[in-house]
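Comments concern the structure below.
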Amino acid sequence: MDNSVIVSLRDIVVDFDGQRILNGLNLDIHDKEFVTLLGSSGCGKTTTLRLIAGFLEPTAGTVSLHGKDITGVPPYKRPVNTVFQKYALFPHLNVFENVAFGLRLKHLDENTIRTKVRDMLEVVGLKGFERRSISQMSGGQQQRVAIARSLVNEPEILLLDEPLGALDLKLRKEMQLELKRLQREMNITFIYVTHDQEEALTMSDTVVVMNGGVIQQVGTPEEIYNEPKNAFVADFIGDSNIIDGVMHRDFLVSFAGVQFPCVDRGFKPEQSVQVVVRPEDIEVVSPMEGQLTGEVSDVIFKGVHFEMHVDCDGREWLIHSTRACTPGERIGMRIGPNEIHIMARSEG
Numbered sequence: 001m002d003n004s005v006i007v008s009l010r011d012i013v014v015d016f017d018g019q020r021i022l023n024g025l026n027l028d029i030h031d032k033e034f035v036t037l038l039g040s041s042g043c044g045k046t047t048t049l050r051l052i053a054g055f056l057e058p059t060a061g062t063v064s065l066h067g068k069d070i071t072g073v074p075p076y077k078r079p080v081n082t083v084f085q086k087y088a089l090f091p092h093l094n095v096f097e098n099v100a101f102g103l104r105l106k107h108l109d110e111n112t113i114r115t116k117v118r119d120m121l122e123v124v125g126l127k128g129f130e131r132r133s134i135s136q137m138s139g140g141q142q143q144r145v146a147i148a149r150s151l152v153n154e155p156e157i158l159l160l161d162e163p164l165g166a167l168d169l170k171l172r173k174e175m176q177l178e179l180k181r182l183q184r185e186m187n188i189t190f191i192y193v194t195h196d197q198e199e200a201l202t203m204s205d206t207v208v209v210m211n212g213g214v215i216q217q218v219g220t221p222e223e224i225y226n227e228p229k230n231a232f233v234a235d236f237i238g239d240s241n242i243i244d245g246v247m248h249r250d251f252l253v254s255f256a257g258v259q260f261p262c263v264d265r266g267f268k269p270e271q272s273v274q275v276v277v278r279p280e281d282i283e284v285v286s287p288m289e290g291q292l293t294g295e296v297s298d299v300i301f302k303g304v305h306f307e308m309h310v311d312c313d314g315r316e317w318l319i320h321s322t323r324a325c326t327p328g329e330r331i332g333m334r335i336g337p338n339e340i341h342i343m344a345r346s347e348g
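Anchor point for the sequence shown: position 48 equals 48 in full-length UniProt numbering, and the numbering is continuous, going up by one each time.
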C-alpha cells in the first residue's frame, strides 16, 4: 500500500431504512492533503465523513487508517476531530474553556493547557478573546473557536462538515483562505464536505465529486474543471455547453453540423461522443469569422463579464464574454482546439 495513504475506504456500502446511501465506494486519502467531498444534498458526502469519524458503521466494506482496519473502532479512539456546521460550542463556557475542553479530558497539566490554548487562539486570529463569552462572538468568530477546539488536540485528520454554510459570502471567502492557510501551517489532513463548487475549487488539493452514493471523479481542481470525466461532472462544476458530437478520428470532431480540430485522441473512428465547451472559452467574433453563427437572445451583466444566451440553429449556447452584445444581434462563435473537451457518452 502507498505509504502516504492515511485513510482508505474499500467497497463501502451503506444502507439506511432500505435505501442505499453509498454504493461500493472506494477512496484513498493521502497524508497532509486537503480533500473536498463535493456533491449536492443526498449524494453521500456527509455519510462518507461520518464513516471516517466512526459515527457510523458501513453495511459492508472496510475503513482503514494507515493500513489498519478501524471499521469497528469508536470515534474517541480515532485520531480524528470533526467541525460541524452548527459548531456545537458550549454556550456556558468562555472561549478559553471551549478550546481547552478536549485537553482537560486528557488530564493535561494546567500550564500545558494554557500554553496550547493561547497558541491555538493566536493561530486562528483570536488572541485576547480567552475570557469572551460564546454568545458575544460573531458567527465567524464562533467558527474559529470551533476550529481551534478541534485542532488543539493535534488530530491527524480534521473533518469539516459544511463548516462555512452559516456565514455570509464575504466572511465565507475569508474563512476559505484561512482554512487553507491553517491546513498548510498545521500540516495535517483536512477532509472537507461542501455542495459549493467554487469553494471546492478554491481550497482543495483533491476534489472528490459524488452523485447518488457513487464517486464520479477524483482529481485536482484543474483536472475536475478542465477534464470532466462525464456529463454530470461537467455540468456540476461550473457552467458548460454539453453537445452531442461524432469523433471522426484523432484530433477531429463534428458537432452542431461543423467539423472542429481538437486535441483529444484515442476514440474509435466515428464514435458518438459528448463535447464540453465552457462558456468563457467561446470567442465572440463577427458572423463572417465564426465557425458557428447565432442570434443573441438575452444578455445579463455579471460584473466581470456578460452572460449571453445565443440561439444557434435551434440550440441554446451559453457564452461568457467581456464583449457586450445586444439581444437580436447576430454573432459569430469561434472555438479553438484547446477549448474543446471530448467525453465518452455517459448516463451522467
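Built from N, CA and C at the ideal position, the CB exists for glycine as well.
When the five nearest sequence neighbours on each side are left out, the beta carbons in the same chain lying within less than 6 angstroms of the beta carbon of S4 are those of H30 and D31, in order along the chain. Annotation: Q136 is outside any beta strand (DSSP E) and is labelled neither H nor E by DSSP.
In terms of Cβ geometry, L171 and I191 do not form a close pair [threshold 9 angstroms].
Under the three-state reduction of DSSP, P75 is assigned to helix. Within the same chain, D28 and S64 come within 7 angstroms of S8 by CB-CB distance, once the 5 residues on both sides are set aside. Comparing C-alpha distances from F34 to each of G328, V310, V233 and E156 shows the shortest one belongs to E156. Counting along the chain, P261 sits inside the beta strand (DSSP E) bounded by residues V258 to P261.
Annotation: the segment 169-231 contains the following complete segments of the alpha helix (DSSP H) (minimum length 4 residues), in chain order: 169-186, 197-203 and 221-226. Within the DSSP bridge table, the entry for D313 names no partner. Of E289, P327, T206 and A166, the smallest CA-CA separation from K180 is found for T206. In the structure shown, S64 falls within a strand segment according to DSSP collapsed to helix, strand and coil.
Cβ contact annotation for C312 (same chain, cutoff 6 angstroms, sequence separation greater than five): L292 and G294, in chain order. The residues D239, L318, I319 and H320, in chain order, have a CB closer than 6 angstroms to that of P279 in the same chain once the five nearest residues on each side in sequence are set aside.
Per DSSP, E57 lies in no alpha helix (DSSP H) and is assigned neither H nor E. By the Cβ test, the segment 117-126 is not in contact with the segment 193-205, since fewer than three Cβ pairs between them sit closer than 8 angstroms. Distance from the CA of I215 to the CA of V209, rounded to the nearest whole angstrom, comes to 6 angstroms. Inter-segment contact for the segment 54-74 and the segment 214-228 is absent: fewer than three beta-carbon pairs are separated by less than 8 angstroms. Between V273 and V246 a beta carbon distance of about 7 angstroms is seen, short of the 8 angstroms cut, so the two are scored as contacting. Close CB contacts of R265 within its chain, under the 8 angstroms cut and outside five residues either way in sequence, are with D250 and F251 (chain order).
Distance from the CA of F267 to the CA of V218, rounded to the nearest whole angstrom, comes to 22 angstroms.
For H305, the CB contacts under 8 angstroms within the same chain, skipping 5 residues up- and downstream, are E280, H320, S321 and T322 in chain order.
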